[in-house]
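Right, one structure below, let's go through it.
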Amino acid sequence: MRTQVCIVGGGPSGLLLAQLLHKHGIDTVILERRSRAYVLARIRAGVLERGLVDLMHEAGVAGRLEREGLVHEGAAIAAGEALFRIDFKALTGHTVVVYGQTEVTRDLYDARDATGGETRFEVEDVAICDADTDAPYVTFRQEGTDHRIDCDFVAGCDGFHGVSRQTIPDRVRQEFEKVYPFGWLGVLSQTPPVEDEIIYARSERGFALCSMRNAELSRYYVQCPLSDRAEDWSDAAFWDELRRRLPARVAERLVTGPSIEKSIAPLRSFVCEPMRWGRLFLCGDAAHIVPPTGAKGLNTAASDIHYLYEAMVRYYRDNDREALDGYSRRALARVWKTQRFSWWMTTLLHSFPEQSAFDLRLQAADLAFLRDSEAAQRALAENYVGLPY
Ligand code: FAD
Ligand code: DHB
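Residues 371 to 759 (my numbering) are what the sequence shown spells out, left to right.
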C-alpha cells in the first residue's frame, strides 16, 4: 500500500492533520492502536485556544463547535476566601472556547468518514522504518496479517507512550523532563457548573479546578497524592474535598451528583528535541507533555499540526522544503513557551510536599502580584488565550 503521509495515532493531532492535508488534496492513512470507541470515550482536555478553533474552521469541522462551544471571556483565580477575575477579552481582545476533546475527536472522525480517508483501528506492532532515507515505510499487524505502507513522510501523532519518539535514535534525541509529586483526580458529573467561568483555586489543602463541558455537565479536579487510586475516592469524599478547597461563597452553591467518570492523571513536563528526524515528524504528546494547569496540552498539539501541515502543503504545492526543514525549530520555540506557562501556573497554584515557609510566602506574593497588577494579568491572559503561531 502507498500513501503520501502515513499518520501514526488517531487522537486529535493525527485526525486534525489528516483533515487539513485532505483539504489540500494530500493523501493520508491513519494507524490507530485502539478501537474508535475507546479513543472517543477518553475524557481529557476542555479548553480550546483561538488557534485550535481557527484550525477547526480551516479543516471544515467547526460547525458543532460554533453551535455548542461555550465562549469564555475570562476565568477566576481563587486563593483561600479571596477570588479575582482575569478578563481575557479586555486584556487581549481574545477569548477561549470550552468544548471537550471528546467532541473535537468525534467531529474529526465524522469528517474523516465523509472524506473516505483510510483509518486502520486496532493495529499492532507499528514500526517506522528508514525514516532517515527518502523512502520511509511503516509496518504493522492487523487481525493477524502483516502490512506495509510506503510513504513520503511519517507523522508521529501517537501520544506519549507511542513508538514514534522511540524511533529517533538515542544519539540524536534529547529529552527534558520534570515530574511533579502529585496528580489530579478528575470527576465529570451531570450537574450544572458552579460558576459560568472556570475557577482555578489555590488552598492550603491543595489545588482545585472547577470547569465544565456545557450548562448541564461539570468537570472538576482536585490535586491528590500520586499514591491515591480513583476507585478509593467515593463521590461524597470528592465533593467534600472540593468544597473545602473553594471559597465558602462558591462552595455553598456547588451542585453535586453521581460521577460519570473519575480518574487520576499524573502531572509531568516533558520535551523531546528534535521533533523531526529525516522524514519522521513528531506532533503533540508524542513530543511533549505539559501539566494540565492552564489547559495547554491539546492546544500545543494543535500548534504543531499548524506548523507541520503548512510545511507539507508548501512541499507538495511549491516543491519548497524550507518549511519542513524549519519544523522542529519553529514548533519547539512555541512549545517551550507553553512549557514555561504551564510550569508557572502549576507552581503558583499547587501545594508541594517539600514547600518551606519561604516558598509559601513567595507563592502568596506571586498571587498578590497577579491580583493587583494589570501587567501580570495580561501576561497570564496572553498565554491562556494562546500565543500566536
Ligand atoms: P493522544 O490524544 O495521546 O493520541 C495519540 C493516539 O495514538 C491515541 O489514540 C493512541 O491510542 C494512539 N497510539 C499510541 N501508540 C500507538 C501506536 N504504537 N500505534 C498506533 N497508535 C498509537 N490537556 C489539557 O489541556 N487539559 C486536560 O484536562 C487534560 N487532561 C488529560 C488527561 C489525561 C489522562 C491525559 C493522558 C492527557 C490530558 N491532557 C489534557 C492532554 C491532552 O489530552 C493531550 O495533550 C492530547 O490528547 C494530545 O493529543 P495527541 O493526539 O497528540 O495524543
Ligand atoms: C480543563 C482542564 C484543564 O487542564 C484546565 O486548565 C481547564 C479546564 C477541563 O477539563 O475542562
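Idealized CB from N, CA, C, for every residue including glycine.
- By the Cβ-count criterion, G529 is buried, with 16 or more other Cβ atoms from all chains shown falling within 10 Å of its own Cβ.
- Spatial neighbours of R741 in its own chain (CB-CB distance under 6 angstroms, excluding positions within 5 residues in sequence) are listed in chain order as F454.
- I568 is a Cβ neighbour of A445, given a cutoff of 8 angstroms.
- With distances taken between CA atoms, A635 lies nearest to G667 out of G654, F651, L616, G667.
- No heavy atom of the ligand FAD is found nearer than 7 angstroms to the CB of H676.
- DSSP, reduced to helix, strand and coil, places W609 within a helical segment of the structure shown.
- With a cut-off of 7 angstroms, the C-beta of L740 is classified as distant from the ligand DHB, since no heavy atom of the ligand falls inside that distance.
- Proximity of the region 408-426 to the region 667-683 meets the contact definition, three or more beta-carbon pairs being nearer than 8 angstroms.
- N753 counts as buried, since no fewer than 16 other beta carbons sit within 10 angstroms of its beta carbon.
- Annotation: A449 to R572 spans about 5 angstroms, alpha carbon to alpha carbon.
- Between the region 687-707 and the region 435-444, the count of Cβ pairs shorter than 8 angstroms is below three; the stretches do not touch.
- For T509, the three-state secondary structure derived from DSSP is strand.
- Per DSSP, the unbroken beta strand (DSSP E) holding G556 starts and ends at 544-559.
- Taking a 10 Å sphere around the C-beta of S673, we find 16 or more other C-beta atoms and assign the residue as buried.
- By the C-beta density criterion, L730 is exposed, having fewer than 16 other C-beta atoms within 10 angstroms.
- By the Cβ-count criterion, D540 is exposed, with fewer than 16 other Cβ atoms from all chains shown falling within 10 Å of its own Cβ.
- Residue state for A501 is assigned as coil, using DSSP reduced to three classes.
- DSSP places R704 within a helical segment (H, G or I) once states are collapsed to three.
- In this structure, the C-beta of Q512 stays at least 7 angstroms away from each heavy atom of the ligand FAD.
- Straight-line spacing of the CA atoms in L385 and V705 works out to 20 angstroms.
- DSSP places Y408 in the uninterrupted alpha helix (DSSP H) bounded by 406-411.
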